[in-house]
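Mapped onto the working numbering, the consecutive letters of the sequence shown carry residue numbers 56 to 370. Quick reminder that beta carbons are idealized off the backbone N, C-alpha and C, glycines included.
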Amino acid sequence: MKTLIFGAGPLGTLMAARLNEADEDVTLLARGKRLEDLKEYGAIINIEGTEIEEVEKVKVVDSFNSDDYYDLVIIAMRKNHADLIIPDLAKNKNVPTYLFMGNNAAGPEELIAALGKDRVMLGFPYPGGHREDPKVVVLKIDEKKQYKIPIGEVDGKIRPRTEAVAGLLRKMRGYKVEIRTDMVYWLKYHAAMLMSGFVPAIYASGIDMKKLGNDKELLYDATKATKEAIKALELSGIPPSPKVIKVFKYIPNFLMVALIGWMMRKEFAKSSVEGHPRDARDEMEYIYRELMTNIDRNKVDIPSIDKLSKYYSVK
Numbered sequence: 056m057k058t059l060i061f062g063a064g065p066l067g068t069l070m071a072a073r074l075n076e077a078d079e080d081v082t083l084l085a086r087g088k089r090l091e092d093l094k095e096y097g098a099i100i101n102i103e104g105t106e107i108e109e110v111e112k113v114k115v116v117d118s119f120n121s122d123d124y125y126d127l128v129i130i131a132m133r134k135n136h137a138d139l140i141i142p143d144l145a146k147n148k149n150v151p152t153y154l155f156m157g158n159n160a161a162g163p164e165e166l167i168a169a170l171g172k173d174r175v176m177l178g179f180p181y182p183g184g185h186r187e188d189p190k191v192v193v194l195k196i197d198e199k200k201q202y203k204i205p206i207g208e209v210d211g212k213i214r215p216r217t218e219a220v221a222g223l224l225r226k227m228r229g230y231k232v233e234i235r236t237d238m239v240y241w242l243k244y245h246a247a248m249l250m251s252g253f254v255p256a257i258y259a260s261g262i263d264m265k266k267l268g269n270d271k272e273l274l275y276d277a278t279k280a281t282k283e284a285i286k287a288l289e290l291s292g293i294p295p296s297p298k299v300i301k302v303f304k305y306i307p308n309f310l311m312v313a314l315i316g317w318m319m320r321k322e323f324a325k326s327s328v329e330g331h332p333r334d335a336r337d338e339m340e341y342i343y344r345e346l347m348t349n350i351d352r353n354k355v356d357i358p359s360i361d362k363l364s365k366y367y368s369v370k
């Protein structure tokens, strides 16, 4: 399957490297200094907290043209950046499948309108990482430490191409793939679980995980905000996804505060949680605003969400 990956950040680079390692026909789109680094050094993957560096000489291009052909184009970019390239993607009528791997609380309607329902798939990438040019640093992912990435069609159906894309992604070392029939809902609840309370709480703590872990009042606010968001989505007719999210509503706040506080005080939180809110603050606020379009204030009160929302705009 001839594949192009749009987005040469940590996740796009990792996916390109792992597909290349599996002898798949993959190309990574990059520009500027990032393109120069990839040409000179290759895709360098540093495993977080180790000296391990994997290097793959991945094919690179600096453009995507209206007459290009790929069996699959994967968009692994911040949502606010991905939305800007939709007109360019729409000019190309040759590509049969665009897989958007990332946050999306708005739903697929804009993508469908521009590209057509039959050409759009959704998914979410793992693990976390960041750039330290010319390399990218990612959490450990291999045969022993695997991550399961969800993908699905916008209408929830499972087609031969759904299976084909899942089969391709499973060739990436360290990855399992889950085909979901509710990917649109999954992405909305993923945003609700993070953007309603915990991400702004991270900003309120000055992006200091240990400080957040020790701030019970802030963690209580974040927990209450998350429960408000779950309730609000349900009242808007959006079924919980995955279904286990429904359990969150019934866990006493003091238990959630104790558990999350303990997690935030661990060194793991710094490497796995801190990076994306720190490096992609623009996207976090963008997804928060998308999330809020799903909430009907006439049906639900959201005081904790409102209380924490101010921290998105504090730089």
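Self-check item: Delimiting residues of the beta strand (DSSP E) encompassing residue 342
Solution: Taken as a continuous stretch (DSSP letters only), residue 342 belongs to no beta strand (DSSP E), being part of the alpha helix (DSSP H) at 336-347.
Quiz item: Going by DSSP, what residues sit across from residue 65 in a beta bridge?
Solution: None, per the DSSP bridge assignment.
Quiz item: Considering only residues of the segment 228-266, which uninterrupted beta strand (DSSP E) runs meet the minimum length of 3 residues and lie entirely inside it, listed in chain order?
Solution: Listed in chain order, they are 230-234.
Self-check item: Contact check, residue 80 vs residue 58, beta carbons under 8 angstroms
Solution: yes
Practice problem: Would you mind working out which of 278, 101, 110 sits nearest residue 95, comparing C-alpha positions? | Solution: Measuring from the Cα of residue 95, the nearest candidate turns out to be 110.
Self-check item: Segments of 3+ residues assigned as beta strand (DSSP E) that fall wholly inside the segment 174-218
Solution: 175-178, 184-187, 190-193, 202-208
Exercise. Could you tell me which uninterrupted alpha helix (DSSP H) segments, each at least 4 residues in length, are contained entirely in the segment 272-344, listed from first to last along the chain?
Key: 300-303, 308-319, 322-327, 330-334
Exercise. Over the uninterrupted beta strand (DSSP E) stretch that includes residue 83, give me the two end residues.
Key: Taken as a continuous stretch (DSSP letters only), the beta strand (DSSP E) holding residue 83 covers 81-84.
Self-check item: Range of the contiguous beta strand (DSSP E) that encloses residue 98
Solution: 98-102
Quiz item: Between the beta-carbon of residue 156 and the beta-carbon of residue 254, is there less than 8 angstroms?
Solution: no
Quiz item: What residue does the beta strand (DSSP E) around residue 109 start on, and which one ends it?
Solution: 108-111
Quiz item: Taking residue 179 as the reference, which of 100, 168, 173, 159 has the closest Cα?
Solution: Checked all of 100, 168, 173, 159; the closest Cα to residue 179 is 159.
Self-check item: Assigned secondary structure, residue 125 (DSSP; H/G/I helix, E/B strand, else coil)
Solution: Here residue 125 sits in coil by DSSP.
Quiz item: Are at least three pairs of beta-carbons, each pair with one atom in the segment 357-369 and one in the segment 271-285, less than 8 angstroms apart?
Solution: yes
Quiz item: Is residue 60 helix, strand or coil when you go by DSSP?
Solution: DSSP places residue 60 in strand when its eight states are reduced to three.
Quiz item: DSSP on residue 130, reduced to helix/strand/coil?
Solution: strand
Quiz item: What number of angstroms, rounded off, separates the C-alpha of residue 256 from the C-alpha of residue 244?
Solution: Residue 256 and residue 244: Cα-Cα distance of roughly 18 angstroms.
Quiz item: For the candidate residues 283, 325, 119, 76, whose alpha-carbon lies nearest to that of residue 355?
Solution: 283
Self-check item: CA-to-CA distance, residue 248 to residue 300, given in whole angstroms
Solution: 9 angstroms
Practice problem: Return helix, strand or coil for residue 116, following the three-state DSSP convention. | Solution: In the three-state reduction of the DSSP assignment, residue 116 falls in the strand class, which pools E and B.
Exercise. Going by DSSP, name the residue or residues bridged to residue 154.
Key: 129, 176
Quiz item: Near residue 289, which residues of its chain fall below 8 angstroms by C-beta distance, leaving aside the five closest residues on each side in sequence?
Solution: Excluding sequence neighbours, residue 289 sits near 295.
Quiz item: Three or more C-beta pairs closer than 8 angstroms, one from the segment 170-188 and one from the segment 65-73: is that the case here?
Solution: With the cut-off at 8 angstroms, the segment 170-188 and the segment 65-73 touch.
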